[in-house]
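Residues 13 to 242 in my numbering are what the sequence shown lists, from first letter to last. Just so it is clear, CB atoms sit at the ideal spot from N, CA and C, and this is done for glycine as well. First the structure, in the form of structure tokens, and then the observations on it.
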Amino acid sequence: MLLSKLIDYYALYDLHKDRSKENQYHIDFDHAPTNIDRDVFFEVPSSLADIDLNITSKENGYSIGEFGFESLRPSGDHPNDYVRGESFLNEVGNKPNVIFVHGWRMKGFDRVKKIFHDSIMNNLGWNMYYYTLPYHLERQPEASLYSGEFMVSANINRTVESTRQAIVDLRALIQWMKNNKQGPVIIIGVSLGGFISNLVATLESEIDALVSIFYSNRLSYSLFFFHSCF
Numbered sequence: 013m014l015l016s017k018l019i020d021y022y023a024l025y026d027l028h029k030d031r032s033k034e035n036q037y038h039i040d041f042d043h044a045p046t047n048i049d050r051d052v053f054f055e056v057p058s059s060l061a062d063i064d065l066n067i068t069s070k071e072n073g074y075s076i077g078e079f080g081f082e083s084l085r086p087s088g089d090h091p092n093d094y095v096r097g098e099s100f101l102n103e104v105g106n107k108p109n110v111i112f113v114h115g116w117r118m119k120g121f122d123r124v125k126k127i128f129h130d131s132i133m134n135n136l137g138w139n140m141y142y143y144t145l146p147y148h149l150e151r152q153p154e155a156s157l158y159s160g161e162f163m164v165s166a167n168i169n170r171t172v173e174s175t176r177q178a179i180v181d182l183r184a185l186i187q188w189m190k191n192n193k194q195g196p197v198i199i200i201g202v203s204l205g206g207f208i209s210n211l212v213a214t215l216e217s218e219i220d221a222l223v224s225i226f227y228s229n230r231l232s233y234s235l236f237f238f239h240s241c242f
């Protein structure tokens, strides 16, 4: 127990030195979801007609660039409401599609890439998509002091809605791939990305494989006690 507390303390106070300068606590009880029907709450309201794809370079048989689309659960914060990420697409085609979901407060995809990127590109040749979570990286509003500040905070309503936005948009991307690409869809989530990916797996039947690393929930618990996560 003591060791666990020391690890938590180190993670919160030494690894995350950026702090919110204003108190984030807020809860609107009149609009706080309770006793939710998860199939309705996380429903994808409409299918993605297409995603924007901007190829900026080519390397080792890959077309490299960025993808993006308008969020299906807009928050009202303009930068946050355009979902974006990096894409590495094998020019041969008909390859498995991997979606990487990063962790909380990450300032880029470098940590995730160090684990998987070169191995997948050089040995497997799979397509890779790096999905940006709400309020992180380019989706961070000007008022936010650090990446991810507004996604997970003491603002209860915004935290719940950010989780909802992350899940709905990720489901929409998965479904788009199934409708427009060949090959299976694989989700790899790290830390907060693992938490989100586990929740998506309880809802989305189009996922062919899931890998969660350093996630903060158990997939078995999510599957059987999903309502307890909120």
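Under three-state DSSP, which class holds residue i?
i	result
Gly206	helix
Asn9	The structure shown does not extend to residue 9, since the chain is modelled only from 13 through 242, so no value can be given for it.
Glu55	coil
Thr68	strand
Ile48	coil
Ser174	helix
His239	Per-residue confidence for His239 stands at a pLDDT of 42, beneath the threshold of 50, marking its modelled position as unreliable; the derived number appears in the next sentence. Helix, per DSSP.
Ile186	helix
Ile179	helix
Asp5	The requested residue 5 is not part of the displayed model; the chain covers only 13 to 242.
Leu211	helix
Anyone know if the C-beta pair for residue i and residue j falls short of 8 Å?
i	j	result
His129	Met140	yes
Tyr54	Leu185	Tyr is not the amino acid found at residue 54; the sequence shown has Phe there. Against a cut-off of 8 Å, the Cβ pair of Leu185 and Phe54 comes out as no contact.
Phe226	Gly195	no
Tyr143	Asn102	no
Ile179	Ile208	yes
Trp188	Leu60	yes
Val8	Leu182	A query on residue 8 cannot be resolved here, the shown segment of the chain reaching from 13 to 242 and no further.
Ile63	Ile76	no
Asn192	Met133	no
Asp40	Asn210	no
Met163	Leu145	yes
Trp116	Gly160	yes
Glu82	Asp93	yes
So if DSSP puts residue i in a beta bridge, which residue, or which two residues, is it bridged to?
i	result
Ser224	Gly201
Ser75	Lys70 and Leu101
Gly80	Asp64 and Arg96
Decide yes or no for the touch test of the region 143 to 151 against the region 92 to 112: beta carbon pairs closer than 8 Å, at least 3 of them. Taking 8 Å as the limit for Cβ pairs, the verdict is that the region 92 to 112 does touch the region 143 to 151.
Using 8 Å as the Cβ pair cut-off and three pairs as the minimum, do the region 109 to 125 and the region 199 to 215 touch? Yes: the two stretches touch, three or more of their Cβ pairs being nearer than 8 Å.
List, from N- to C-terminal side, the beta strand (DSSP E) runs of 3 residues or more that fit wholly inside the region 91 to 171. Unbroken beta strand (DSSP E) stretches of 3 residues or longer found wholly inside the region 91 to 171: 94 to 102, 109 to 113 and 139 to 143, given in chain order.
Mind the definition here: the region 74 to 93 touches the region 169 to 179 only if three or more C-beta pairs lie below 8 Å; say whether that holds. By the criterion of at least three beta-carbon pairs nearer than 8 Å, the region 74 to 93 is in contact with the region 169 to 179.
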